[in-house]
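First comes the structure, then the notes that go with it.
Number of protein chains: 2
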Amino acid sequence: MTTKQPKRRTTSGRASQATARSTTKVCCGTARDIPLNERDADELATAFAALADPVRLRLLSLISSAPGGEVCACDLVTPIGKSQPTVSHHLRILFESGLVGREKRGVWVWYWADNDRLDEIADRLR
Amino acid sequence: MTTKQPKRRTTSGRASQATARSTTKVCCGTARDIPLNERDADELATAFAALADPVRLRLLSLISSAPGGEVCACDLVTPIGKSQPTVSHHLRILFESGLVGREKRGVWVWYWADNDRLDEIADRLR
DNA sequence: TGAAGATATTGATCAGTGTCAATGTCTGTT
DNA sequence: AACAGACATTGACACTGATCAATATCTTCA
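So the sequence lines, in the order shown, correspond to chains A and B.
The opening residue of the first sequence carries number 1 in the working numbering; numbering runs sequentially from there.
The opening residue of the second sequence carries number 1001 in the working numbering; numbering runs sequentially from there.
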């Protein structure tokens, strides 16, 4: 062999912090222990992409924190401070990524957060 | 008043699902109950943006699932299947967003996941 | 000091996305 | 039917970001 192998754990105290995790499972572990294949990575990245915009996060927050857990789209444009088409665009992305549900009632469209889906995504980080 | 107000909860069975949440807190609740201001939304969006790329998710996964919880960068290029500058670019973003720590040991650079930070981000979805 | 290898940086290119004005579609009302 | 209001869609533009080839920087070893 011509190339030398890098050695783990030299004279470093910093490295030991790496093994200190909140969940101390070893086998059959959390999502952190399972290497991601390309397909799953693509899917998960799409979910995070839906969350990677401040307007969408504020929309999601407004929806989640609304009394009754649901809001009319007509009450979202003003607090967000963007144009109606822009808000509509972001709501569409939130809906298509499964983060929120929606229902048309007469002229208005109501949105609510899909908490199960949010839990699901949060679990992928643990 | 000239415009009519939208009414909540008409003859819909779908809407009731909105209130069904896993955490049943009412007061002093989780992140879902607190409306996000613009500054926090920007910061959180940046964190999610770091996670919104399949290559970075696979890198993070490879790092997390490595024995000892840390990996040499030299062992990441081949399994990812991208060029060395591209992998370096993604590792930089993971590091600068605080998702991973790193340490140079001789010629090599070792990476580990910051599980506390990951927990922190996951909590923002609950 | 010079060579070799590991990683980072630069510069260029191309795809993707956030935004808004204008317009379209749908629903309820007169 | 005609109108008004709520929401969605389209088209255009600017900006961001992923990627790689080429190059630079840093570390070890002879």
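All residues carry an ideal CB built from backbone N, CA and C; glycine is no exception.
Which residues bound the beta strand (DSSP E) around residue i?
i          : result
Arg102(A)  : Val100 to Arg105
Ala1113(B) : Trp1108 to Ala1113
Cys72(A)   : Glu70 to Cys72
Would you check if the distance between the CB atom of residue i and the CB atom of residue j is smaller than 8 Å?
i          : j          : result
Arg102(A)  : Ala1041(B) : no
Leu1125(B) : Ile121(A)  : yes
Please confirm if residue i has its CB atom under 8 Å from at least one CB of chain A.
i          : result
Gln1096(B) : It should be noted that the sequence gives Glu, not Gln, for residue 1096(B). By this cut-off, Glu1096(B) is not an interface position.
Pro1006(B) : yes
When the cut-off is 8 Å and only beta carbons count, does residue i lie next to chain B?
i        : result
Leu83(A) : The question names Leu, but residue 83(A) in the sequence shown is Ser. So no, Ser83(A) is outside the interface.
Leu76(A) : no
Ser88(A) : no
Arg92(A) : no
Quick check on residue i: buried or exposed, where buried means 16 or more other Cβ atoms within 10 Å of its Cβ?
i          : result
Arg92(A)   : exposed
Arg56(A)   : buried
Asp123(A)  : exposed
Arg1039(B) : exposed
Trp1110(B) : buried
Pro54(A)   : buried
Val71(A)   : buried
Along the chain, where does the alpha helix (DSSP H) that runs through residue i open and close?
i          : result
Ala45(A)   : Glu38 to Leu51
Pro1054(B) : Pro1054 to Ser1065
Ile1080(B) : Val1077 to Ile1080
Leu1091(B) : Gln1084 to Glu1096
Worksheet entry | Stretch-stretch touch, CB-based, cutoff 8 Å, three pairs: the stretch 38-55 of chain A with the stretch 87-103 of chain A | yes
Worksheet item: Using 8 Å as the Cβ pair cut-off and three pairs as the minimum, do the stretch 1101-1115 of chain B and the stretch 1054-1071 of chain B touch?
Response: yes
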